[in-house]
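*Asks:* Please read through the structure below; I'll follow up with questions.
There are 2 protein chains.
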Amino acid sequence: MNKQSIIRLSKYKNTLQRLKTLGFVKVFSDNLADALGIRATQVRKDFSQFQITGNKRGGYNIDDLLERILRILGKTNLQKVVLVGLGNMGTALMHYQGFEREGIQIVAGFDIDPAKIGDDGRIPVYAMDNLGDFITKNRIEVGVIAVPDIAAQRALDILVASGIKGVLNFAPIRLRAPEEVPVTNVNLVQEIENIFCLINAARAE
Amino acid sequence: MNKQSIIRLSKYKNTLQRLKTLGFVKVFSDNLADALGIRATQVRKDFSQFQITGNKRGGYNIDDLLERILRILGKTNLQKVVLVGLGNMGTALMHYQGFEREGIQIVAGFDIDPAKIGDDGRIPVYAMDNLGDFITKNRIEVGVIAVPDIAAQRALDILVASGIKGVLNFAPIRLRAPEEVPVTNVNLVQEIENIFCLINAARAE
DNA sequence: TAGATTGTTAATCGATTAACAATC
DNA sequence: TAGATTGTTAATCGATTAACAATC
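If you read the sequences in order, they're chains A and B. Using the working numbering, you'd call the opening residue of the first sequence number 1 and step up by one each time. Using the working numbering, you'd call the opening residue of the second sequence number 1 and step up by one each time.
Take a look at the structure:
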């Protein structure tokens, strides 16, 4: 229901998976709160929202808890995404190991540059013309946009028209999407600007 | 004062720069609100917080407004940053054009891998051993961490010990830093997980 | 039982928005 | 002047936290 709590859900998951490798069997709201730097009440409130219950006195069973969270996060299956745009950022994302490790698979890349099209044996790269069809045929739910600003809205329109359900956008521009298609923006220039701004603000105090 | 309003400040800046290229001379709180998808009162409240005033009836002069905002954002000078870790993400950031365009300059990269050390004529890459000295000597204020999880805390410690003022961290791990050094995290796996989660939540409703 | 932990209700806090006086 | 827009105060909203009853 609440976007913040969904983000925390993903963090609980990571913490739980680590605790599990350490041999932990149960966990208390207090433990998770410490790990995330929040309050224990918040943890219990979050779980309450998703109808996750624990045992008074006994905390939460990690296996049960993880299963519930993974189901809520939609992680019971492999999560397939397509990548649109193979510039610097796109290429880095393509090679980034972290996704596979978390059950996220980039199944195909798309670019207008013919030189980038082909299959190096890992992830195939197709021409932009094939984007719509690919999404429809393979029922892809999530697309990542890593094209230049000017091409971003066009890319999004194709994704939406082909039935995409959600988008992660790296182009530093506000995209127009129908309400039912969530678009999350990652703007790296802005992130760095914010840090300088925080530094400046601290200096001014 | 408020982190949200600082982030918006950066967005106002982008919008204003675009309006300026279109030949606009003045702008109303309503215009900026539309551009950011927020309310006009919020825009005026933000400006009020930073002691930016406009003209009743006449809106805000774009040049004046931009100058004020750029000063608050610390954009009067070139913003120098160092990049620690030249894996996929680090390399992509190194080649990303968007920073230079906004007055952000990656002045050096650092990596443990000797094969990555050198100077291709654009941005020099040094051994990790030189990181601390470089920051101190060049009075670098912001560092970007793009090393693997396990190396991230160590990298941060060096940055902090050398007097860094703020950090952007791509390692998917919570780093411990002194309170006065803001650390902003970008976690791409988490961003994609959140999208899937939003999709799932929508389906459940 | 005594102590510890959950789950929920009520209070608090902070950020956004509505309302409106000031004024160009 | 009439109309439009700013700047601020007060109301609202949503999210976090404190308090505490339930109970293992």
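For each residue, glycine too, the CB sits at the ideal point set by N, CA and C.
1) What residue range is occupied by the uninterrupted alpha helix (DSSP H) comprising aspartate 64/A?
2) For the candidate residues Arg71/A, Tyr12/A and Met89/A, whose alpha-carbon lies nearest to that of tyrosine 96/B?
3) Output, in sequence order along the chain, the residues in the segment 14-26 of chain A whose CB is closer than 7 Å to any CB in chain B.
4) Of the residues Asp120/A, Gly143/A and Lys116/A, which one's Cα is nearest the Cα of isoleucine 104/A?
5) Specify the secondary structure class of leucine 168/B as computed by DSSP and reduced to three states.
6) Rank Asp119/B, Gln79/B and Val25/B by C-alpha distance to the C-alpha of glycine 58/B and give the top, closest one.
7) Residue range of the alpha helix (DSSP H) that alanine 152/A falls in?
8) What whole-angstrom Cβ distance do leucine 86/A and glycine 118/A have, given they're in contact under 8 Å?
9) For the structure I just gave you, are there three or more beta carbon pairs, one from the segment 161-174 of chain B and one from the segment 160-167 of chain A, closer than 8 Å?
10) Ignore the nearest five residues each way along the sequence and tell me which others in isoleucine 164/B's own chain have a CB closer than 8 Å to its CB.
11) When you compare only the Cα positions, how much space is there between alanine 40/B and isoleucine 52/B?
12) To which residues does DSSP link glutamine 105/A through a beta bridge?
13) Counting C-beta neighbours from all protein chains within 10 Å, is the total for leucine 78/A 16 or more, i.e. buried, or is it exposed?
14) Of the residues Arg101/A, Leu70/A and Val183/A, which one's Cα is nearest the Cα of leucine 16/A?
15) Where do the N-terminal and C-terminal ends of the alpha helix (DSSP H) with glycine 90/B fall, by residue?
16) Between which two residues does the alpha helix (DSSP H) containing threonine 136/B stretch?
17) At the 8 Å Cβ level, is tyrosine 96/A part of the contact set with chain B, yes or no?
18) Taking the alpha carbon of alanine 177/B as the reference point, which residue from Leu22/A, Gly37/A, Ile7/A and Arg18/A has its own alpha carbon closest?
19) For lysine 56/A, does the count of other Cβ atoms within 10 angstroms reach 16, so buried, or fall short, so exposed?
20) At least one CB of chain B closer than 8 Å to the CB of asparagine 31/A: is that the case?
21) Indicate the three-state DSSP secondary structure (helix, strand or coil) for proline 114/B in the structure shown.
22) If distances are taken between C-alpha atoms only, which option among Val107/B, Asn187/B and Arg122/B comes closest to alanine 210/B?
23) Comparing alpha-carbon positions, which option in Val183/A, Ile192/A, Leu156/A and Val81/A lies nearest lysine 3/A?
24) Which residues does DSSP list as the beta-bridge partners of asparagine 187/A?
25) Residue range of the beta strand (DSSP E) that alanine 127/A falls in?
26) Do isoleucine 112/B and methionine 128/B have their CB atoms nearer than 8 Å?
27) Among the candidates Gly166/B, Leu198/B and Asn185/B, whose CA atom is the shortest distance from the CA of glutamate 179/A?
28) Could you say which of Ala201/B, Gly54/B, Glu191/B and Ser10/B lies nearest to phenylalanine 28/B if we only look at CA atoms?
29) Measuring only between beta-carbons, confirm whether isoleucine 150/A sits less than 8 Å from chain B.
30) Within 7 Å: the Cβ of tyrosine 126/A and any heavy atom of the ligand COA?
31) Of the residues that make up the segment 158-189 of chain A, which ones have a beta carbon closer than 8 Å to any beta carbon in chain B?
32) Report the neighbours of methionine 89/B on chain A: residues whose CB is nearer than 7 Å to its CB, in chain order.
33) Please go through the same chain and pick out, in chain order, the residues whose beta-carbon is closer than 7 Å to the beta-carbon of serine 10/B, but skip the five residues on each side of it.
34) Could you tell me which residues DSSP puts in a beta bridge with glycine 59/A?
*Replies:* Short version:
1) 62-72 is the extent of the alpha helix (DSSP H) around aspartate 64/A.
2) It is Met89/A whose Cα lies nearest to the Cα of tyrosine 96/B.
3) Of all residues in the segment 14-26 of chain A, none has a Cβ within less than 7 Å of some Cβ in chain B.
4) Selected option, being the one with the closest Cα: Gly143/A.
5) Three-state result, leucine 168/B: strand.
6) Answer by Cα proximity: Val25/B.
7) From DSSP, the alpha helix (DSSP H) with alanine 152/A extends over 149-161.
8) Between leucine 86/A and glycine 118/A, the beta carbon gap of about 11 Å keeps them out of contact (Cβ cut-off 8 Å).
9) At 8 Å Cβ cutoff, the stretches do not touch.
10) So the list reads Ile135, Ile140, Glu141, Val142, Gly143 and Val181, once near-sequence residues are dropped.
11) Alanine 40/B and isoleucine 52/B have their C-alpha atoms roughly 15 Å apart.
12) DSSP, once it has assigned bridges, lists Lys80/A as partnering glutamine 105/A.
13) Looking at its Cβ environment, which holds fewer than 16 other Cβ atoms inside 10 Å, leucine 78/A is exposed.
14) Looking at the Cα atoms, Leu70/A is the closest of the given residues.
15) Following the DSSP letters along the chain, one finds glycine 90/B inside the alpha helix (DSSP H) bounded by residues 88-95.
16) Residues 131-138.
17) Interface residue, yes.
18) Looking at the Cα atoms, Gly37/A is the closest of the given residues.
19) Using a 10 angstroms sphere on the CB of lysine 56/A, the tally of other CB atoms stays under 16, which defines it as exposed.
20) Using a CB distance cut-off of 8 Å, asparagine 31/A does not count as an interface residue toward chain B.
21) Helix, per DSSP.
22) Here chain B has residues from 1 to 205 only, and residue 210/B is not among them.
23) Comparing Cα-Cα distances from lysine 3/A to each of Val183/A, Ile192/A, Leu156/A and Val81/A, the minimum goes to Val183/A.
24) DSSP lists no partner for asparagine 187/A.
25) Note, alanine 127/A: beta strand (DSSP E), 124-127.
26) Yes, they are a contact pair.
27) It is Leu198/B whose Cα lies nearest to the Cα of glutamate 179/A.
28) Residue Gly54/B is the option with its Cα nearest to phenylalanine 28/B.
29) False, the Cβ-Cβ gap to chain B never drops below 8 Å.
30) In the structure shown, the ligand COA is absent, as is every other ligand, since no ligand is present at all.
31) The residues in question are Lys165, Gly166, Val167, Leu168, Pro172, Arg174, Glu180, Pro182, Thr184, Val186, Leu188 and Val189.
32) Ala92 and Tyr96, listed in chain order.
33) Residues Leu73 of the same chain have their beta carbon placed closer than 7 Å to that of serine 10/B, with the five preceding and five following residues left out of the count.
34) DSSP lists Asn55/A as partners of glycine 59/A.
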